[in-house]
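Colleague: Below is the structure I would like to discuss, written out as structure tokens.
Protein chains: 2
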Amino acid sequence: MTENNRYCVIMCGGTGSRLWPKSRTRMPKQFIDFLGTGQSLLQLTVARLKGIIPQENIFMLTQSEYAPLIKEQVPEISDKQILMEPAHRRTAPGNAWAAYHIKALNPDAKIMVAPADNIILRVEEFRQSVVKAFEFIEQHDTLLTFGVKPTRPETRYGYIQQGKEIDGEFAHVKTFTEKPDLELAKVFVDSGEFYWNTGIFFWSADAIIKALSEDAASKVSSRFAEGEGIYGTDKEMDFIKEIYAASQSVSVDYAVLEKADNVSVLRVDGIGWTDLGTWGSLYDVSPKTREGNVTQGAKTMMLNSRNNIVSATRDKLVIASGLNDYIIADSDNALLIVPRSEEQKIRNYVREVKTNHGKEYL
Amino acid sequence: MTENNRYCVIMCGGTGSRLWPKSRTRMPKQFIDFLGTGQSLLQLTVARLKGIIPQENIFMLTQSEYAPLIKEQVPEISDKQILMEPAHRRTAPGNAWAAYHIKALNPDAKIMVAPADNIILRVEEFRQSVVKAFEFIEQHDTLLTFGVKPTRPETRYGYIQQGKEIDGEFAHVKTFTEKPDLELAKVFVDSGEFYWNTGIFFWSADAIIKALSEDAASKVSSRFAEGEGIYGTDKEMDFIKEIYAASQSVSVDYAVLEKADNVSVLRVDGIGWTDLGTWGSLYDVSPKTREGNVTQGAKTMMLNSRNNIVSATRDKLVIASGLNDYIIADSDNALLIVPRSEEQKIRNYVREVKTNHGKEYL
């Protein structure tokens, strides 16, 4: 059965600091029910894969402090399916470890990499695309990514330039560009050749390991390769702790996808994808009043105020007057009132909070 | 001893809705430690009178729901010193009742009327002025008010026009004007003839009863006069309940001071007086950062923001960016973010809150 070769690594170690103060270090965005569905983003991510990927083949890549939250929210996951990174090192080391770990369990493993903070509005279309993607990588030696046709020159996302078409939905990838500025994003959108990079990847364990080994510069793979024979044994965690401490912090996009020549894209315009990275992305996907205001969990009285997003604990009453294009986010011990245009700076504000006011506000 | 004829009626029945959501129906401004001194505005008001007015001659004019708060904050006050108005009827009925009640206890009573929400920065000067005021009304048949020379064309206060001088500090009053618009306030300030009306009054029980009886239009006094012989007896509260229900809601300024011809003013520029009626008045008296921001009970990170007042429960962290001249007031279940120029409208917003969201937010 090919299904038994299908694996998923859910990336759920982030702290979501751009969604502070709703997303907290102790309770990051992926564990929060941001959409009011009754399920956290992580729970929705797991639920979307049901029946496509065997439950025992779903791995969580995270930090040790989030293991209890994962077990609570996804009780069907066993301890050995939780890969606890000993340090924050972005996505390349994590994907290297996951690939080596899973390959030790199943040399024929095909791996889907799924961020835990995606919003997928059309789940059935998404599931069909996942199956299609697995079938594609089972037949091609490729690193595949889900791409979405841009509807606006969004500067929050990375862009994929399409190369030669493979068939109607699949194509070779020519270039990757991390978050461009607005001018460049407009050029990308107008060209018709570019797609948003969703961060949802598919590859065989072999293919990603090979691609990592070809990236000599960031030296991620060579250290992980030294552990062959140790993965899947009692010594794995000690080995991982040792190499993580010295590992570079680099993204899989940079270490692999921008350099490899066998990257392809599956266009998934119909799945209703959003990366819930910032208050603005939450604003974009939320229902709005006639004045363009979005409310999350609060009661509001918005006077002469347009295009704001208000988030507060349930039943809190927020009265705002004369505010346009603002983020108003209230939590138990912190309140943020900043223009939506500063959403990317929130991460820096939080860093400053840590320095000046202590960890209890993170 | 003339001191035994000296009484004070502290007006502490207001709800302070313009200082919402810090001032709440269940805990109005006068019971709150707004200045961080460790004492509420009411406690400060009582403390300022110590040694000038016998403790047993201090009366609280309030609503029944606030009696427990008064007893808790001013335990030296006995139950019979708390006059509980059976309904909200502004200041004329309250002062009529207090005058008749106190006159029944002491026909020679001289009464000071003191709002519980005043801030007095220089207490010793204030105490000297109080003594001077009592001595003046002990010798003159007059209704005396404390006036403060305006330092700016403030539209939050009423204005007193001075008539003939009696001596350097006392003068006859020619006119009273309730809150003027900015143009008129500027004319008043420029003329040099006008003073802010502090709402601190001094009169004998006889003088205020006589003045009220001459105001036929608002008919406040005639009904209270019918109760002579009942004040100070077991039947007083039943009588008060009956006449309050039918009484007009009218201010003592309107019913008496604007009409009487024996009103005088004692100029008290040196006492450092402020009426803590609005967020703006709190802003005015509070220490400011170089950028003009005021913080009450919160930690703040103010980015590119000037001339704001931020109030929150202790240890709450507030981050604001790009806000100028705003009130940011946070409480357990309500958050207000409005321009300082709208401070007078807050009362209306609170009324709307009551209608749309229920009493728990008041």
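Protein sequence lines, in the order shown, are assigned to chains B and Z.
Note that the first sequence covers residues 743 to 1104 in the working numbering.
Note that the second sequence covers residues 743 to 1104 in the working numbering.
All residues carry an ideal CB built from backbone N, CA and C; glycine is no exception.
Please read these numbers as outputs of a predicted model, since none were measured by experiment.
#1: Please tell me whether residue 857(Z) and residue 1011(Z) are closer than 8 angstroms, where the distance is taken between their beta carbons.
#2: Alpha carbon to alpha carbon, how far is residue 1091(Z) from residue 899(B)? Give it in angstroms, no decimals.
#3: At least one CB of chain Z closer than 8 angstroms to the CB of residue 907(B): is that the case?
#4: With burial defined as no fewer than 16 other Cβ atoms inside 10 Å of the residue's Cβ, what is the status of residue 860(B): buried or exposed?
#5: Can you find at least 3 beta carbon pairs, one from the region 869-887 of chain B and one from the region 938-951 of chain B, that sit closer than 8 angstroms?
#6: What is the DSSP secondary structure of residue 831(Z), reduced to helix, strand or coil?
#7: For chain B, find out if any of its Cβ atoms is closer than 8 angstroms to the Cβ of residue 1080(Z); answer yes or no.
#8: If you drop the 5 nearest sequence neighbours on each side, which residues of the same chain put their C-beta closer than 6 angstroms to that of residue 833(Z)?
#9: Looking at residue 855(Z) and residue 753(Z), is the spacing between their C-beta atoms short of 8 angstroms?
#10: Closest to residue 799(Z) by C-alpha separation, out of 780(Z), 850(Z) and 811(Z), would be which residue?
#11: Excluding the 5 residues preceding and the 5 following residue 907(B) in the sequence, name in chain order all residues of the same chain whose CB lies nearer than 7 angstroms to its CB.
#12: Indicate whether the contact test is met: 3 or more Cβ pairs, each with one atom in the region 931-938 of chain B and one in the region 961-979 of chain B, closer than 8 angstroms.
#13: Name the chain Z residues that come within less than 8 angstroms of residue 1065(B), Cβ to Cβ?
#14: Whole beta strand (DSSP E) runs in the region 988-1033 of chain Z with 3 or more residues, listed along the chain?
#15: Here's the rule I'm using: 16 or more other beta-carbon atoms within 10 Å means buried, otherwise exposed. How should residue 929(B) be labelled?
#16: Can you list, in chain order, the residues of its chain whose CB lies under 6 angstroms from that of residue 917(Z), leaving out five sequence neighbours each side?
#17: Output the distance between the C-alpha atoms of residue 1084(Z) and residue 760(B), rounded to the nearest integer angstrom.
#18: Once the 5 residues before and after residue 983(Z) are set aside, which same chain residues still bring their CB inside 8 angstroms of it?
#19: For residue 1087(B), tell me which candidate among 812(B), 784(B), 758(B) and 870(B) has the shortest Cα-Cα distance.
#20: Excluding the 5 residues flanking residue 978(B) on each side, which residues of the same chain have their C-beta closer than 8 angstroms to its C-beta?
#21: From residue 897(Z) to residue 887(Z), what distance separates their C-alpha atoms?
#22: DSSP three-state label for residue 813(Z), please.
#23: Does residue 1058(B) have its Cβ less than 8 angstroms from a Cβ in chain Z?
#24: With a threshold of 16 other CB atoms inside 10 Å of the CB of residue 957(Z), please say whether the residue is buried or exposed.
#25: Would you list, in chain order, the members of the region 849-872 of chain B that have their beta-carbon closer than 7 angstroms to a beta-carbon of chain Z?
#26: What residue ranges within the region 877-946 of chain B form continuous alpha helix (DSSP H) runs of no fewer than 4 residues, ordered along the chain?
#27: Please name the residues in the region 1039-1057 of chain Z whose beta-carbon is closer than 8 angstroms to at least one beta-carbon of chain B, in chain order.
#28: Would you kindly check if the distance between the Cβ of residue 1065(B) and the Cβ of residue 1079(Z) is under 8 angstroms?
#29: Helix, strand or coil: which one does DSSP assign to residue 805(B)?
#30: Inspect the beta-carbon positions of residue 1007(B) and residue 889(B) and report whether they are closer than 8 angstroms.
#31: Using 8 angstroms for Cβ pairs, my map puts residue 862(Z) next to residue 1021(Z). What's the rounded Cβ distance?
#32: Closest Cβ-Cβ distance between residue 1085(Z) and chain B: below 8 angstroms?
#33: Quick one: what does DSSP say residue 792(Z) is sitting in, helix, strand or coil?
#34: Looking only at its own chain, which residues have a Cβ that is under 7 angstroms from the Cβ of residue 835(B), when we skip the five neighbours before and after it?
#35: Run through chain B and tell me which residues come within less than 8 angstroms of residue 1108(Z), C-beta to C-beta.
#36: Between the beta-carbon of residue 1170(B) and the beta-carbon of residue 1071(B), is there less than 8 angstroms?
Modeller: In this structure, then:
#1: Cβ distance not < 8 angstroms, so residue 857(Z) and residue 1011(Z) don't count as in contact.
#2: Here the alpha carbon of residue 899(B) sits roughly 41 angstroms from the alpha carbon of residue 1091(Z).
#3: It does not; no Cβ of chain Z falls within 8 angstroms.
#4: Answer is buried; the Cβ neighbour count reaches 16.
#5: Taking one beta carbon from each stretch, the region 869-887 of chain B and the region 938-951 of chain B have 3 or more pairs nearer than 8 angstroms; the two touch.
#6: Three-state result, residue 831(Z): coil.
#7: Yes, contact with chain B.
#8: Non-local beta-carbon contacts of residue 833(Z) in its own chain, meaning distances under 6 angstroms to residues more than five positions away in sequence, involve 993 and 994 in chain order.
#9: Yes; because the gap between Cβ atoms is below 8 angstroms, this pair is in contact.
#10: Minimum Cα distance to residue 799(Z) is reached at 850(Z).
#11: Around residue 907(B): 913.
#12: No, because fewer than three Cβ pairs between the region 931-938 of chain B and the region 961-979 of chain B fall closer than 8 angstroms, the two stretches do not touch.
#13: Under the 8 angstroms cutoff, chain Z gives 1079.
#14: When DSSP assignments are scanned along the region 988-1033 of chain Z, the uninterrupted stretches of beta strand (DSSP E) that are 3 or more residues long and fall wholly within it turn out to be 1005-1009 and 1015-1017.
#15: Exposed, since its Cβ has fewer than 16 Cβ neighbours within 10 Å.
#16: Closer than 6 angstroms at Cβ, skipping near neighbours: 903.
#17: Cα atoms of residue 1084(Z) and residue 760(B): separation of roughly 32 angstroms, rounded to the nearest angstrom.
#18: Excluding sequence neighbours, residue 983(Z) sits near 828.
#19: With distances taken between CA atoms, residue 1087(B) lies nearest to 758(B) out of 812(B), 784(B), 758(B) and 870(B).
#20: Exclusion of the five residues before and after residue 978(B) leaves 843, 969 and 972 as the residues of its chain whose Cβ lies within less than 8 angstroms of its Cβ.
#21: Straight-line spacing of the CA atoms in residue 897(Z) and residue 887(Z) works out to 19 angstroms.
#22: In this structure, residue 813(Z) counts as helix in the three-state DSSP scheme.
#23: With respect to chain Z, the C-beta atom of residue 1058(B) has a partner C-beta closer than 8 angstroms.
#24: Counting other Cβ atoms within 10 Å of its Cβ, residue 957(Z) reaches 16 or more and is therefore classed as buried.
#25: Shown here is that no member of the region 849-872 of chain B has a Cβ falling below 7 angstroms from a Cβ of chain Z.
#26: Runs of the alpha helix (DSSP H) inside the region 877-946 of chain B: 924-933.
#27: The residues in question are 1041, 1043, 1045, 1054 and 1057.
#28: Taking 8 angstroms as the cut-off, the Cβ atoms of residue 1079(Z) and residue 1065(B) count as close.
#29: The three-state reading of DSSP puts residue 805(B) in strand, counting E and B together.
#30: Yes, the Cβ-Cβ distance between residue 1007(B) and residue 889(B) is below 8 angstroms.
#31: Between residue 862(Z) and residue 1021(Z) the beta-carbon gap is near 20 angstroms, outside 8 angstroms, which marks them as no contact.
#32: Chain B, which has no Cβ nearer than 8 angstroms to the Cβ of residue 1085(Z), makes this no.
#33: Coil, per DSSP.
#34: Cβ neighbours of residue 835(B) beyond the five flanking positions: 962, 986 and 989.
#35: In the structure as shown, chain Z begins at 743 and stops at 1104. Residue 1108(Z) is therefore absent and cannot be evaluated.
#36: Because chain B is modelled from 743 through 1104, residue 1170(B) falls outside the range shown and cannot be assessed.
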